[in-house]
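Accompanying notes for the structure given below.
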Amino acid sequence: MQAFAAATRNRTSFTDEVLFSTGIGQERLYKAVADELGLSFADRIVSSRILLREDDVPHNLRNVRHALVAHGDGRTLLYIAPTISDLVVLRRCLLQSPALAERLCICPPSMLAEMMRQRQERQLAQRAQEMTPPHFSAARVMHGWQGFILAEAIFFLSGFFLSWPLETAVALHVGLTLFFFGCVMMRLLASITARTPHLLATRGTPAKEMPVYTILVPLYKEAAIVGQLLEALSRLRWPASKLDIKLVCEADDTETLAALARHALPPCFEIIKVPGLGPRTKPKALNYALQFARGEFLVVYDAEDRPHPDQLLEAWDAFSRGGADLACLQAPLLISNFRANWLARMFAFEYAALFRGLLPWLARRNLVIPLGGTSNHLRRRCLEAAGGWDSHNVTEDADLGIRLARFGYRIGVITRGTWEDAPENYQDWKKQRTRWLKGWMQTWLVHTRNPLRTCRELGPFRFAVSLLYMTGLILSALIYPFMLLTVILLVMVSVAGQGFFWSSYLLCMDVLNIVLAYFSYYVLGLKTLGRDERRAGPYFCWIPVYWLLMSFSAWRAVWQLFRAPHLWEKTPHYPSGAFASCPAAGSGLPESRAGPLAGHQKLRSRADDKVVFAADRVKVAPLIG
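Counting from 1, position 6 in the sequence shown corresponds to residue 803 in the numbering used here; the numbering is continuous, with no gaps.
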């Protein structure tokens, strides 16, 4: 009766609610169904014996419920995983045709889906690589005309410097100064409306109106933080029977798979094993898992993420209010270990300026938003229409934000964020920053292949702003050390009395540009910091050093762009001390029969039935921000 009531309240199937309310597991439930119908039960199928039809294509595998299987004795059996509505029909058919029982076999749906995936593994992996249209893909680093323009620019610039060194230096200097001043103005405009983080109120939604929500979590060599991840996901407030959590692992990542096997995962969790075909990148893994996502909406989390318990509720509320063209919502990323050292503190400062300052400013003006690599809430229909994630782009989030805008979709932001830890040592930070900047270079090259088309799809103003942002981000990181060297050189020339007519003007322009760049960056970040973050230590004095490190990574990214464009340098993740000390964190999942949403834990809701918890053990974490 409880399962029927939950199915009515949540508008889900009775079998799904039985799994969550009793915790008996799919195998026991479907074995009981087989006994009730008088049919045989199987918990294993040899995938190579599954007979495929023409319509058994990958996009039909999200809710697979039957498969035709050939047996060695010449028989062909139909393996089925019936829903509650199928049982009445099955019983009637078996009463009318008892011989049908010899041709039917009951099996758990999770096992059936896994065997079907293994049967079409190569096709699924190929489809994951080719989901993005070729003209939007970074599989080809640079088109011929782009390489020609680059070579010609270097050739003519070298010629001008040899023929007219002073005039060329002055013209180049003035042009770059004006360009970077535009980037500075963008930050200054964003800082006018920037403010400390606060949470927006969300309306209560009956559970029956909530859609199935898919959570994609790509994992690679993350055995150390599996327990923390599962604990964080167990806090999310959403009907457990409407959660579809995919833990996406590389098929040969035995350590992470073994760590997951030590936990009894609830029914809403599923492990997706990505075959080692094509580039080993996060976007390819996401595309592979997307083919099995059941949710109308989905969100991507990284292994170290600890999202706000109400983040899905706020995202769904924004989607339901925003209209069908609202394709994506970016949740702010918050750094929990900002007190660790100056590098982590500056990383937190950078994230505050971006996710709490610049992105909300861009969203309010319907400009192109560069997405973060995690906590992207997406409308699956729009994501698939835009071609999913580019499997060859190592900063797939930034590329996706621009591509969604080019397809005419809108991107917004929400206020309930996701905690994660910043790299605390330079080597980890350098590899991560190199990958990000290399991905931005790939993204710039992809979306300038046909600039007239991009301008037409975005509109002239949005195209100009996005081009200013992308080019400024890359170019400023590359030439920042040369700007400092130029200032030092001009100062030395002026002190020595060897200055020329333009030297004093160039020195003033450079100093003003650098000071304004520091000031705009500092003000935007400072206005978005929380009280504890402001007290963590000095920020302004570390900006020159932090930017210099970014420049080193930018030049390393240029080298990799031509030598190893699709190399994914993974950032190692470690259990967070901040998460462990949180009152709601607990000690992780038990490694026995009971998971965070399993068996003895029942769904419960508030008295007004507006918000449904995923499990009884879920605790309300302090509000983020």
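Glycine included, each C-beta is placed from N, C-alpha and C at the ideal position.
- prompt: For V1045 versus V1009, is the C-beta spacing smaller than 8 Å?
  reply: Counting from one through the sequence shown, the residue named residue 1045 turns up at place 248. Counting from one through the sequence shown, the residue named residue 1009 turns up at place 212. Against a cut-off of 8 Å, the Cβ pair of V1009 and V1045 comes out as no contact.
- prompt: Distance, Cα to Cα, L1304 vs T1325?
  reply: Residue numbering aside, residue 1304 sits at position 507 when the sequence shown is read from its first letter. Residue numbering aside, residue 1325 sits at position 528 when the sequence shown is read from its first letter. Their backbone Cα atoms lie some 32 Å apart in a straight line.
query: What is the rounded straight-line gap between the Cα of A1202 and the Cα of M912?
result: Here residue 1202 refers to the residue found at position 405 of the sequence shown. Here residue 912 refers to the residue found at position 115 of the sequence shown. Near 37 Å, if we compare the C-alpha coordinates of M912 and A1202.
- request: Select from A896, H868, Y876, R862 the residue whose C-alpha is nearest the C-alpha of S882.
  value: Position 85 of the sequence shown, counting from 1, holds the residue named residue 882. The shortest C-alpha separation from S882 is found at R862.
task: Determine the direct distance from the alpha carbon of L1364 to that of R937, and round the result to whole angstroms.
output: Taking the sequence shown and counting its residues from 1, the one referred to as residue 937 is at position 140. Taking the sequence shown and counting its residues from 1, the one referred to as residue 1364 is at position 567. For R937 and L1364, the distance between alpha carbons rounds to 14 Å.
task: Determine which residues share a DSSP beta bridge with P1335 and list them.
output: Position 538 of the sequence shown, counted from the start, is the residue given in the question as residue 1335. Answer is none; P1335 lacks a bridge partner.
task: Kindly list the residues whose CB is nearer than 8 Å to the CB of G835, restricted to its own chain and excluding five residues on each side of it in sequence; keep chain order.
output: In the sequence shown, residue 835 corresponds to position 38, counting from 1. Cβ within range, chain order: L891, A898.
- prompt: Residues in its own chain within less than 6 Å of L1309 by CB, not counting five upstream and five downstream?
  reply: Your numbering for residue 1309 matches position 512 in the sequence shown. Hits under 6 Å: none found.
Of the residues K1235, F1316, R1259, the one placed nearest S1350, counting alpha carbons only: Numbered from its first residue, the sequence shown carries residue 1350 at position 553. Among K1235, F1316, R1259, the Cα nearest to that of S1350 is on K1235.
message: Could you check whether S1317 and V981 sit closer than 8 Å to each other, using their CB atoms as the reference points?
response: In the sequence shown, residue 981 corresponds to position 184, counting from 1. In the sequence shown, residue 1317 corresponds to position 520, counting from 1. Cβ atoms of V981 and S1317: closer than 8 Å.
- request: Assign N860 to buried or exposed, taking buried as 16 or more other Cβ atoms, counted over all protein chains shown, within 10 Å of its Cβ.
  value: Counting from one through the sequence shown, the residue named residue 860 turns up at place 63. Burial call: exposed.
Nearest-angstrom Cβ-Cβ length linking Y1098 and I1208, presumed shorter than 8 Å: On the sequence shown, residue 1098 is found 301 positions in, with the first residue counted as 1. On the sequence shown, residue 1208 is found 411 positions in, with the first residue counted as 1. Not a contact, Cβ separation roughly 18 Å.
task: Less than 8 Å between the CB atoms is what I'm expecting for W1186 and N1084, so what's the real figure, rounded?
output: Here residue 1186 refers to the residue found at position 389 of the sequence shown. Here residue 1084 refers to the residue found at position 287 of the sequence shown. Contact flag correct, Cβ pair sits at about 6 Å.
message: Under DSSP, the alpha helix (DSSP H) around N1310 begins and ends at which residues?
response: Locating residue 1310 in the sequence shown gives position 513, where the first residue counts as 1. N1310 -> alpha helix (DSSP H) spans 1300-1325.
field: Cut-off 6 Å between Cβ atoms - residues of its own chain near S1384, not counting five sequence neighbours on either side
entry: If you number the sequence shown from 1, residue 1384 lands on position 587. For S1384, the predicted structure reports a pLDDT of 32, less than 50, and the residue's modelled location is therefore unreliable. A value from the coordinates is still provided. For S1384, where only same-chain residues beyond five positions count, there are no Cβ hits under 6 Å.
message: One question on the structure: do G1327 and P994 come within less than 8 Å of each other, judged by their Cβ atoms?
response: Mapped onto the sequence shown, residue 1327 falls at position 530. Mapped onto the sequence shown, residue 994 falls at position 197. For G1327 and P994, yes; Cβs fall inside 8 Å.
task: May I ask which residues mark the beginning and end of the alpha helix (DSSP H) holding F1135?
output: Residue numbering aside, residue 1135 sits at position 338 when the sequence shown is read from its first letter. First-last for F1135: undefined, no H or E at that position.
- request: Could you pull the start and end residues of the beta strand (DSSP E) that A922 belongs to?
  value: The count along the sequence shown starts at 1 and reaches residue 922 at position 125. Per DSSP, A922 belongs to no beta strand (DSSP E); it is in the alpha helix (DSSP H), 918-926.
- prompt: To which residues of the same chain is H1244 closer than 6 Å at the C-beta, ignoring the five residues directly before and after it?
  reply: Numbered from its first residue, the sequence shown carries residue 1244 at position 447. Taken in chain order, the residues that qualify are I1199, T1251.
- prompt: Using 8 Å as the threshold, is the region 1265-1283 in touch with the region 1337-1350, meaning 3 or more CB pairs across them?
  reply: yes
- prompt: Can you tell me the Cα-Cα spacing of R1059 and T1212, whole angstroms?
  reply: What you label residue 1059 is simply residue 262 of the sequence shown in a count that begins at 1. What you label residue 1212 is simply residue 415 of the sequence shown in a count that begins at 1. In a straight line, the C-alpha of R1059 is about 35 Å away from that of T1212.
- prompt: Straight-line CA distance for A1361 to P1341?
  reply: The residue given as residue 1361 occupies position 564 in the sequence shown. The residue given as residue 1341 occupies position 544 in the sequence shown. Distance between the alpha carbons of A1361 and P1341: 29 Å.
Separation of L1175 from E1093, as counted between CA atoms: Here residue 1093 is taken as the residue at index 296 of the sequence shown, counted from 1. Here residue 1175 is taken as the residue at index 378 of the sequence shown, counted from 1. Approximately 9 Å between the Cα atoms of the pair.
field: Endpoints, the alpha helix (DSSP H) within which H970 is located
entry: Within the sequence shown, numbered from 1, the residue matching residue 970 stands at position 173. Where H970 is concerned, the enclosing alpha helix (DSSP H) stretches over 962-990.
field: Separation of K1043 from P1063, as counted between CA atoms
entry: Working through the sequence shown from its first residue, we reach residue 1063 at position 266. Working through the sequence shown from its first residue, we reach residue 1043 at position 246. One C-alpha to the other measures close to 12 Å.
- prompt: Can you tell me the Cα-Cα spacing of F1260 and F1204, whole angstroms?
  reply: Here residue 1260 refers to the residue found at position 463 of the sequence shown. Here residue 1204 refers to the residue found at position 407 of the sequence shown. Straight-line Cα distance between these residues: approximately 13 Å.
message: Let me confirm a value: S845 is counted as buried when at least 16 other C-beta atoms fall within 10 Å, else exposed. Which label applies?
response: Looking up residue 845 in the sequence shown gives position 48. Counting Cβ neighbours within 10 Å, S845 comes out exposed, since fewer than 16 surround it.
message: Since W1237 and L1270 should fall inside the 8 Å C-beta cutoff, what is the C-beta to C-beta distance between them, to a whole number of angstroms?
response: By one-based count along the sequence shown, residue 1237 stands at place 440. By one-based count along the sequence shown, residue 1270 stands at place 473. With a Cβ gap of about 6 Å, W1237 and L1270 count as contacting.
field: Close beta carbons around A1314, own chain, < 6 Å, minus the five adjacent residues each side
entry: Translated into positions along the sequence shown, residue 1314 becomes position 517. V981.
query: When the Cα atoms are used, what is the spatial distance from E1330 to N1138?
result: Counting from one through the sequence shown, the residue named residue 1330 turns up at place 533. Counting from one through the sequence shown, the residue named residue 1138 turns up at place 341. Roughly 13 Å between the two C-alpha positions.
message: Please state the DSSP three-state secondary structure of Q1088.
response: Taking the first residue of the sequence shown as position 1, residue 1088 is located at position 291. Reduced to three states, the DSSP call for Q1088 is coil.
query: Do three or more CB pairs link the region 1132-1148 to the region 957-967 at distances below 8 Å?
result: no
message: Give me the residue from E1052, S1373, N1222, S934 with the minimum Cα distance to P1076.
response: Counting from one through the sequence shown, the residue named residue 1076 turns up at place 279. With distances taken between Cα atoms, P1076 lies closest to S934.
- prompt: In whole angstroms, what separates the C-alpha of A910 from that of R900?
  reply: Here residue 910 refers to the residue found at position 113 of the sequence shown. Here residue 900 refers to the residue found at position 103 of the sequence shown. Distance between the alpha carbons of A910 and R900 is about 20 Å.
- prompt: Three-state secondary structure (DSSP) at V843?
  reply: On the sequence shown, residue 843 is found 46 positions in, with the first residue counted as 1. Of the three classes helix, strand and coil, the one that applies to V843 here is coil, per DSSP.
query: In terms of residues, what are the limits of the beta strand (DSSP E) holding P905?
result: Reading the sequence shown from its first residue, position 108 is the one you call residue 905. Note, P905: premise wrong, no beta strand (DSSP E); not H, not E.
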